[in-house]
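**Q** Here the protein sequences come in this chain order: R and B.
First residue of the first sequence? That's 17 in this note's numbering, and the numbers climb one at a time after it.
First residue of the second sequence? That's 32 in this note's numbering, and the numbers climb one at a time after it.
A virtual CB, placed ideally from N, CA and C, is assigned to each residue, including glycine.
A single structure is presented below for examination.
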Amino acid sequence: DGGITQSPKYLFRKEGQNVTLSCEQNLNHDAMYWYRQDPGQGLRLIYYSQIVNDFQKGDIAEGYSVSREKKESFPLTVTSAQKNPTAFYLCASSRTVEKLFFGSGTQLSVL
Amino acid sequence: QKEVEQNSGPLSVPEGAIASLNCTYSDRGSQSFFWYRQYSGKSPELIMFIYSNGDKEDGRFTAQLNKASQYVSLLIRDSQPSDSATYLCAFYGGSQGNLIFGKGTKLSVKP
């Protein structure tokens, strides 16, 4: 079945630690995105990538990094510079820039 | 700053009633508008999109767009308890990767 797989479902970060969230898709979509969602808030764009080996910052990129070495994969690293990382992180992909298909999300919490 | 405004709710309707969800947007140049449904703890799912002024119907859902008033709405007929979720309005901001989301309206359908 085609879809987007995010892992892990839950992740805990210690102070000063970098953590990486995985996102894999087998929909053959060119574009991939990372969003952050805080309780009662809308989705805010962190990073996006239209093609392999290229990506752009979204509205809240500070404290995050990404790579796009393969079409299928778009991992997100939450660095120690992100002082308030607790949130629900959503990966998405699309064939057209407007219609997004989302993964199941990763809930990141701070220990 | 491009924005989407939604009433956060909760909006409570009895089973079988019509639920009306509303959204206003700031960017007069926007051409594409979307409604996503998000169940608690889950990822958003695209349920409707509309590009032209007027109504678009899909099953029990009707999206309405009024570009002059910068207003988009979603009507859910014969509401069911399974429709209980948060509904996110979004519009395409015009630059690559820039889908702007509202904070969502929480809908509760009471049996």
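1. Are the C-beta atoms of residue 130(B) and some chain R residue less than 8 Å apart?
2. Let's test the definition: count the other Cβ atoms within 10 Å of the Cβ of residue 75(B) and tell me whether it reaches 16, buried, or not, exposed.
3. On the three-pair Cβ rule with 8 Å, is the segment 29-41 of chain R touching the segment 98-117 of chain B?
4. Assuming residue 50(B) is part of the beta strand (DSSP E), what are its boundary residues?
5. So, is the C-beta of residue 92(B) closer than 8 Å to a C-beta in chain R?
6. Which value, in whole angstroms, describes the spacing of the CA atoms of residue 33(R) and residue 126(R)?
7. Would you call the segment 95-107 of chain R in contact with the segment 76-90 of chain B, where contact means no fewer than 3 C-beta pairs closer than 8 Å?
8. With a threshold of 16 other CB atoms inside 10 Å of the CB of residue 134(B), please say whether the residue is buried or exposed.
9. Using three-state DSSP, classify residue 75(R) as helix, strand or coil.
10. On the criterion of 16 or more Cβ atoms from any shown chain inside 10 Å, does residue 39(B) qualify as buried, or is it exposed?
11. Checking 8 Å against the spacing of the C-beta atoms, do residue 130(B) and residue 121(B) come in under that value?
12. Assign residue 101(R) to one of three DSSP states: helix, strand, or coil.
13. Is any beta-carbon of chain R found at less than 8 Å from that of residue 47(B)?
14. With three or more C-beta pairs closer than 8 Å as the rule, is the segment 41-52 of chain R touching the segment 104-112 of chain R?
15. Can you tell me which residues form a DSSP beta bridge with residue 83(R)?
16. Which residue's Cα is closest to the Cα of residue 63(B): 116(R), 85(R) and 124(R)?
17. Go through its chain and collect everything with a Cβ distance to residue 143(B)'s Cβ below 6 Å, but skip five positions before and after it.
18. Would you mind reading off the limits of the beta strand (DSSP E) that contains residue 97(B)?
**A** The answer reads as follows:
1. At least one chain R Cβ lies under 8 Å of residue 130(B).
2. buried
3. Here the segment 29-41 of chain R makes no contact with the segment 98-117 of chain B; the two share fewer than three CB pairs at distances below 8 Å.
4. 50-56
5. no
6. It is roughly 10 Å from the alpha-carbon of residue 33(R) to the alpha-carbon of residue 126(R).
7. no
8. buried
9. Residue 75(R) sits in coil when the DSSP states are folded into three classes, being neither helix nor strand.
10. exposed
11. yes
12. DSSP places residue 101(R) outside both helix and strand once states are collapsed to three, so it counts as coil.
13. no
14. Yes, they touch.
15. Beta-bridge pairing links residue 83(R) to no other residue.
16. 116(R)
17. Nothing can be reported for residue 143(B): it is not among the residues displayed for chain B, which extend from 32 to 142.
18. 92-97
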